[in-house]
Amino acid sequence: MIKLPIISSGVSSNLVPRFTCLNAENVYAVSKAGSPADVIHVHYAKLAVANDTAPLYLRASIDYTDGGSESVTDQDIENLKDLIKSANQNPSSTPEFELIGARSATASTITDFQVAGIEIKAEEPYSSTV
Amino acid sequence: MSNFIKVPLAVNPARSFLGSAISVGTLNSGYTGGGTKVAGTSVASGATTTSGNGSGAAFGIVLAAGTFALTITATSNIGEGYKVGDTITLASKAASAGVTSFSADIVFEITAAMLVAIEGSSTNEYALIPIDNVACVSGVSATACDVQVLEYNQATSSSAAGKVTKYTITVDDVPATTKAALQADVAAAIIKAASAENAQPEVKFTSDAECISVVLS
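Protein sequence lines, in the order shown, are assigned to chains A and B. For the first sequence, the working numbering gives the first residue as 3, with consecutive numbering after it. For the second sequence, the working numbering gives the first residue as 1036, with consecutive numbering after it.
Have a look at this one:
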């Protein structure tokens, strides 16, 4: 499981960072989407039961749409892939994923690099060549 | 072995009345008072008083001919903060041709059937959500969040429908929490469960928000 910082607007009395979570198992691809790029897609292929032959194809859309600028970079995608690999090597770990831009963000721009929404949907198998 | 989170279900949270017609009772059963009663069409209750902390509920009041069965309908003001066991006092209504009237106040006790439905009870204090297949926690509103699962929704099994199975956790709007806080509270329990096999942590809601239902769909 991976932790993702979320936008906590409306919680002015509590400065503790808030997180949602994302499953790191059964991931076969990670991609970015949107124009400007501010959405990360995490693609899953999962067998419903052990002896199934056709997996379920699902996609988590992590939406960083808060500001008007591009939030997600190619390096962010690589970093998330690495984190997913790391999380699978240590099943009880719950590492935090942060966009690169968050490191240099100010108090007024940090929400551009926090999750505004996250949702899982079924999809057709993903291919980076499509 | 599966791991779970425990979602505490409020047993008797303060909440609103139903928006549909509510059967309170008949003469000498279900309510007291009323003095001289005349059956008729609906009369507006105006502001009501309660023995508890609820407020805002107002009803259309109907007494039935013959039995003086009392029906109330909270058509627009369902109020907030009412609990089972509180009493409601309907102020007397002056006689008016064809309209329900009663010369003395009517008092009745709130029952569970009169309020917004909840899932919790003294024998059902927790909902369990298995976390092994949890994909993420998605905020919906200040009173609901979804725990989405890596499974197709069986009712819409086509991938084209795009829908996945989810647990929807609904909390009452009083005491208030926020969309982000609710999402984070549930995610925190899942993260804790994922990092400690068989821990079965309990969701701790910000502001002591009260869970009224956990629905799998």
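Here a beta-carbon is modelled for each residue, glycine too, at the ideal position from N, C-alpha and C. The structure displayed is predicted, hence computed values, not measured ones.
- Task: Using DSSP bridges, identify the partner residues of A35(A).
- Result: As a first step, residue 35(A) must be located in the first sequence, where it is residue number 33. The partner list for A35(A) (beta bridge, DSSP) reads V41(A).
- Message: Could you tell me which whole beta strand (DSSP E) segments of length 3 or greater appear in the stretch 1097 to 1173 of chain B?
- Response: Segments of the beta strand (DSSP E) lying fully in the stretch 1097 to 1173 of chain B: 1105 to 1108, 1113 to 1115, 1122 to 1125, 1141 to 1144, 1161 to 1165.
- Item | Per-residue burial, T1213(B) [other beta carbons within 10 Å of its own, 16 or more giving buried] | As a position in the second sequence, residue 1213(B) is number 178, starting the count at 1. Buried, by the Cβ-count rule.
- Item | Min CB distance I1225(B) to chain A below 8 Å | Taking the first residue of the second sequence as 1, we reach residue 1225(B) at position 190. Contacts with chain A at 8 Å (Cβ-Cβ) include I1225(B).
- Query: Are the C-beta atoms of E1237(B) and some chain A residue less than 8 Å apart?
  - Reply: By one-based count along the second sequence, residue 1237(B) stands at place 202. Any Cβ of chain A closer than 8 Å to the Cβ of E1237(B) would place that residue at the interface, and such an atom is absent.
- C-beta neighbour in chain A for V1042(B), strict 8 Å: Numbered from 1 along the second sequence, position 7 holds the residue referred to as residue 1042(B). At a cut-off of 8 Å, the C-beta of V1042(B) has no neighbouring C-beta in chain A.
- Would A39(A) pass as a contact of C1171(B) if the rule is Cβ separation under 8 Å? In the first sequence, residue 39(A) corresponds to position 37, counting from 1. In the second sequence, residue 1171(B) corresponds to position 136, counting from 1. When the beta-carbon positions are compared, A39(A) and C1171(B) stay at least 8 Å from each other.
- Counting only beta-carbon atoms, is V1172(B) nearer than 8 Å to chain A? Locating residue 1172(B) in the second sequence gives position 137, counting from the first residue. So, interface residue.
- Which residues does DSSP pair with A1056(B) in a beta bridge? One-based indexing of the second sequence puts residue 1056(B) at position 21. Looking at the DSSP output, A1056(B) shares a beta bridge with T1108(B).
- Item | For L1062(B) and T1084(B), the rounded distance between their alpha carbons | In the second sequence, residue 1084(B) corresponds to position 49, counting from 1. In the second sequence, residue 1062(B) corresponds to position 27, counting from 1. In a straight line, the C-alpha of T1084(B) is about 21 Å away from that of L1062(B).
- Output the boundary residues of the alpha helix (DSSP H) element that contains S1248(B). As a first step, residue 1248(B) must be located in the second sequence, where it is residue number 213. Unbroken run through S1248(B) is the beta strand (DSSP E), 1246 to 1251; no alpha helix (DSSP H).
- Query: Residues in the stretch 1208 to 1234 of chain B with C-beta within 8 Å of chain A's C-beta atoms, listed in sequence order?
  - Reply: Within the stretch 1208 to 1234 of chain B, the residues whose Cβ lies closer than 8 Å to any Cβ of chain A are, in chain order, T1213, K1214, A1215, A1216, Q1218, A1219, A1222, A1223, I1225, I1226, A1229, S1230, A1231, E1232.
- How far does the alpha helix (DSSP H) with D1220(B) in it reach, from first residue to last? Counted from its first residue, the second sequence places residue 1220(B) at position 185. Counting along the chain, the unbroken alpha helix (DSSP H) around D1220(B) starts and ends at 1214 to 1230.
- Query: What are the start and end residues of the alpha helix (DSSP H) that includes T1208(B)?
  - Reply: For this step, residue 1208(B) is matched to residue 173 along the second sequence. The residue asked about is misnamed: residue 1208(B) is Asp in this sequence, not Thr. Careful: D1208(B) lies outside any alpha helix (DSSP H) and carries neither H nor E.
- For the stretch 112 to 123 of chain A and the stretch 1041 to 1050 of chain B, state whether three or more C-beta atom pairs, one from each stretch, are separated by less than 8 Å. Judged by Cβ distances under 8 Å, the stretch 112 to 123 of chain A makes no contact with the stretch 1041 to 1050 of chain B, as fewer than three pairs qualify.
- Taking 8 Å as the cut-off, decide whether the C-beta atoms of V1184(B) and V1206(B) are in contact. Locating residue 1184(B) in the second sequence gives position 149, counting from the first residue. Locating residue 1206(B) in the second sequence gives position 171, counting from the first residue. V1206(B) is positioned such that its CB atom lies no closer than 8 Å to that of V1184(B).
- Query: Name the DSSP beta bridge partners of Q1183(B), please?
  - Reply: If you number the second sequence from 1, residue 1183(B) lands on position 148. Note: Q1183(B) sits in a beta bridge opposite C1171(B), K1201(B).
- Are the Cβ atoms of S1051(B) and V1151(B) separated by less than 8 Å? As a first step, residue 1051(B) must be located in the second sequence, where it is residue number 16. As a first step, residue 1151(B) must be located in the second sequence, where it is residue number 116. At the C-beta level, S1051(B) and V1151(B) come within 8 Å of one another.
- Indicate the three-state DSSP secondary structure (helix, strand or coil) for K48(A) in the structure shown. Counted from its first residue, the first sequence places residue 48(A) at position 46. In the structure shown, K48(A) falls within a strand segment according to DSSP collapsed to helix, strand and coil.
- Item | Spatial distance of S1080(B) from Y1117(B) (CA atoms) | Numbered from its first residue, the second sequence carries residue 1080(B) at position 45. Numbered from its first residue, the second sequence carries residue 1117(B) at position 82. About 17 Å.
- Item | Burial state of M3(A) (16 or more Cβ within 10 Å) | Here residue 3(A) refers to the residue found at position 1 when the first sequence is read from its first residue. For M3(A), the number of other beta carbons within 10 angstroms of its own is at least 16, and it is reported as buried.
- Message: Using beta carbons (cut-off 8 Å, strictly below), is L101(A) in contact with chain B?
- Response: For the purposes of this step, residue 101(A) is taken as residue 99 along the first sequence, with counting starting at 1. Interface criterion not met: the Cβ of L101(A) is under 8 Å from no Cβ in chain B.
- When the Cα atoms are used, what is the spatial distance from I1107(B) to I1096(B)? Position 72 of the second sequence, counted from the start, is the residue given in the question as residue 1107(B). Position 61 of the second sequence, counted from the start, is the residue given in the question as residue 1096(B). If you draw a straight line from the Cα of I1107(B) to the Cα of I1096(B), it comes to about 5 Å.
- Assigned exposure category for E126(A) - 16 Cβ within 10 Å defines buried: If you number the first sequence from 1, residue 126(A) lands on position 124. Classification for E126(A): exposed.
- With distances taken Cα to Cα, identify the nearest neighbour of V1249(B) among S1090(B), I1226(B), P1236(B), A1162(B). Taking the second sequence and counting its residues from 1, the one referred to as residue 1249(B) is at position 214. Selected option, being the one with the closest Cα: A1162(B).
- Query: So what's D65(A) in DSSP terms, helix, strand or just coil?
  - Reply: Taking the first sequence and counting its residues from 1, one reaches residue 65(A) at position 63. In the three-state reduction of the DSSP assignment, D65(A) falls in the strand class.
- Between the stretch 74 to 102 of chain A and chain E, which residues of the former have CB atoms less than 9 Å from a CB of the latter, in chain order? As a matter of chain content, chain E is missing from the structure shown, whose protein chains are A and B.
- Task: Below 8 Å CB to CB, which residues in the same chain sit around P1210(B) once its five sequence neighbours on both sides are set aside?
- Result: As a position in the second sequence, residue 1210(B) is number 175, starting the count at 1. So the qualifying residues of the chain are S1242, D1243, A1244, E1245.
- Query: Taking 8 Å as the CB-CB cut-off, is L49(A) touching chain B?
  - Reply: Here residue 49(A) is taken as the residue at index 47 of the first sequence, counted from 1. Among the residues facing chain B, L49(A) is not included, as its CB has no counterpart in that chain under 8 Å away.
- Message: With a threshold of 8 Å between beta carbons, is F21(A) in contact with chain B?
- Response: Position 19 of the first sequence, counting from 1, holds the residue named residue 21(A). Taking Cβ atoms only, chain B reaches closer than 8 Å to F21(A), which makes this a yes.
- Item | Per-residue burial, R105(A) [other beta carbons within 10 Å of its own, 16 or more giving buried] | Residue 105(A) sits at position 103 when you count from the first residue of the first sequence. R105(A) is exposed by the Cβ-count criterion.
- Item | Burial state of D76(A), where buried means 16 or more other Cβ atoms lie within 10 Å | If you number the first sequence from 1, residue 76(A) lands on position 74. Under this definition D76(A) is an exposed residue.
- Using the DSSP secondary-structure output, state which residues sit across from T1067(B) in a beta bridge. Residue mapping note: residue 1067(B) aligns to position 32 of the second sequence, counting from 1. Per DSSP, V1142(B).
- Task: State yes or no: is the C-beta of V1134(B) within less than 8 Å of the C-beta of V1199(B)?
- Result: Within the second sequence, residue 1134(B) is the residue found at index 99, counting from 1. Within the second sequence, residue 1199(B) is the residue found at index 164, counting from 1. Against a cut-off of 8 Å, the Cβ pair of V1199(B) and V1134(B) comes out as no contact.
- Item | Assigned secondary structure, A1092(B) (DSSP; H/G/I helix, E/B strand, else coil) | Taking the second sequence and counting its residues from 1, one reaches residue 1092(B) at position 57. A1092(B): strand per DSSP, three-state reduction.
- Message: Please confirm whether Y1187(B) has its beta-carbon closer than 8 Å to some beta-carbon of chain A.
- Response: Here residue 1187(B) is taken as the residue at index 152 of the second sequence, counted from 1. Judged by the 8 Å Cβ criterion, Y1187(B) is in contact with chain A.
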